[in-house]
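Read through the structure below, which is laid out as structure tokens, and then see the notes.
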Amino acid sequence: MKILVYGINYSPELTGIGKYTGEMVAWMAQEGHEVRVITAPPYYRSGRSASAIPPGAIAGKRARLPSGAARCMCRNNPPP
Numbered sequence: 006m007k008i009l010v011y012g013i014n015y016s017p018e019l020t021g022i023g024k025y026t027g028e029m030v031a032w033m034a035q036e037g038h039e040v041r042v043i044t045a046p047p048y049y050r051s052g053r054s055a056s057a058i059p060p061g062a063i064a065g066k067r068a069r070l071p072s073g074a075a076r077c078m079c080r081n082n083p084p085p
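In my numbering, each residue carries its 1-based index in the sequence shown increased by 5.
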């Protein structure tokens with residue numbers, strides 16, 4: 006089955022929904038599903054991001070995850 010996961014929180018966030026979404030995607034990929042993920046870079050309340058995406062960029066970092074799922078991190082505007 007082809008599955009698209011779309012959400013702002015994802016691995017490598019260590020707690021909350023990001024952690025569980027990453028685990029869910031890994032499980033679905035291991036079960037043989039074709040999984041793609043659209044997410045934002047990790048955001049921390051200090052205002053720094055784990056991976057910078059240039060301003061004006063629509064899509065930033067694309068990667069194939071160890072589970073086999075494809076991930077694309079897109080720029081977002083976190084709250085102040």
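Every residue, glycine too, gets a C-beta built ideally from N, C-alpha and C.
Predicted model, so just to flag it, every value in this text is computed and none were measured.
| Query | Result |
| --- | --- |
| Met-78 and Pro-47 - do their beta-carbons sit closer together than 7 Å? | no |
| In angstroms with no decimal places, state the Cα-to-Cα distance between Leu-87 and Arg-76. | Outside the displayed range of the chain (6 to 85) lies residue 87, so it cannot be described from this structure. |
| To the nearest angstrom, how far is it from the Cα of Val-40 to the Cα of Trp-32? | 10 Å |
| Find out if the Cβ-Cβ distance for the pair Gly-37, Thr-26 is shorter than 7 Å. | no |
| What's the call for Gly-23, buried or exposed, on a 16-neighbour Cβ count within 10 Å? | buried |
| From Thr-44 to Lys-7, what distance separates their C-alpha atoms? | 17 Å |
| Let me know if Ala-34 comes out buried or exposed under the rule of 16 or more other beta-carbons within 10 Å of its beta-carbon. | buried |
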